[in-house]
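Trainee:
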Amino acid sequence: MIILLVILVIIIGVYGTLWAAQRPMHSAQKTAYSLATSKAKLKTTTGFSQYNGTQDYYVVTGTSSKNVPVYALINTNKHHKTTVVKQSAGITRTKALKKVWAKRNPSKVIKATLGQYNGEVVWEITYLNKNKNLCYEVLKYSDGSQVKSIINI
Numbered sequence: 001m002i003i004l005l006v007i008l009v010i011i012i013g014v015y016g017t018l019w020a021a022q023r024p025m026h027s028a029q030k031t032a033y034s035l036a037t038s039k040a041k042l043k044t045t046t047g048f049s050q051y052n053g054t055q056d057y058y059v060v061t062g063t064s065s066k067n068v069p070v071y072a073l074i075n076t077n078k079h080h081k082t083t084v085v086k087q088s089a090g091i092t093r094t095k096a097l098k099k100v101w102a103k104r105n106p107s108k109v110i111k112a113t114l115g116q117y118n119g120e121v122v123w124e125i126t127y128l129n130k131n132k133n134l135c136y137e138v139l140k141y142s143d144g145s146q147v148k149s150i151i152n153i
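When you line the sequence shown up against the UniProt record's numbering, it's residues 1 to 153, in that order.
#1: To the nearest angstrom, how far is the alpha carbon of residue 173 from that of LEU8?
#2: Specify whether the region 69-78 and the region 97-105 touch according to this definition: at least 3 beta carbon pairs, one from each stretch, less than 8 Å apart.
#3: What does DSSP give as the partner residues of LEU139 in its beta bridges?
#4: Can you tell me whether TRP101 is buried or exposed, with buried defined as 16 or more other CB within 10 angstroms of its CB?
#5: Look at the alpha carbon of LEU128 and the alpha carbon of SER107, and state the distance between them as a whole number of angstroms.
#6: When the Cβ atoms of the region 112-120 are set against those of the region 63-70, are three or more pairs found closer than 8 Å?
Here is the structure:
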């Protein structure tokens with residue numbers, strides 16, 4: 001009986017820790033969805049990510065009031081400047097990843113997200129190379145050309 005009680009306490013402790021760790025992300029997602037519907041006039045919201053570059057952005061995937069698939073990039077500063085781009089106006093996440101795989105052959109992709117770099121919408125691909133060093137590739141959203149590359153951090 002004591003063993004079962006200890007196991008139960010461990011399970012509850014692990015669950016509680018995971019729940020507490022996820023709370024800031026859920027709060028950010030809730031805020032991002034609210035801003036996307038109010039500032040970017042998104043009709044639906046279907047995805048969320050965060051970009052942490054020279055400025056931080058919430059990135060919300062959804063559809064506009066005209067049912068056009070879009071991305072809303074919301075600056076996390078107090079003014080929440082928002083940029084909306086059509087999904088058809090640039091390369092897909094998959095194409096961005098394929099470019100990085102073809103050029104760098106990473107051992108593991110950690111994250112691929114949209115953001116803004118020097119006022120331009122970009123894909124930022126974070127990955128580990130074969131030597132397990134952290135690397136970044138920043139590609140233009142519009143055509144997939146390389147904007148910046150940081151290797152072996």
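In this text, a Cβ means the ideal position worked out from N, Cα and C, and glycines have one as well.
Mentor: Inspection of the coordinates gives the following:
#1: Since the first and last residues shown for the chain are 1 and 153, residue 173 lies out of range.
#2: In this structure the region 69-78 does not lie against the region 97-105, because fewer than three pairs of beta carbons, one per stretch, are closer than 8 Å.
#3: Answer is TRP123, GLN146.
#4: Classification of TRP101: exposed, given that the 10 Å Cβ count is below 16.
#5: The alpha-carbon atoms of LEU128 and SER107 are separated by roughly 6 Å.
#6: Three or more beta-carbon pairs separated by less than 8 Å are not found between the region 112-120 and the region 63-70, which leaves the two stretches without contact.
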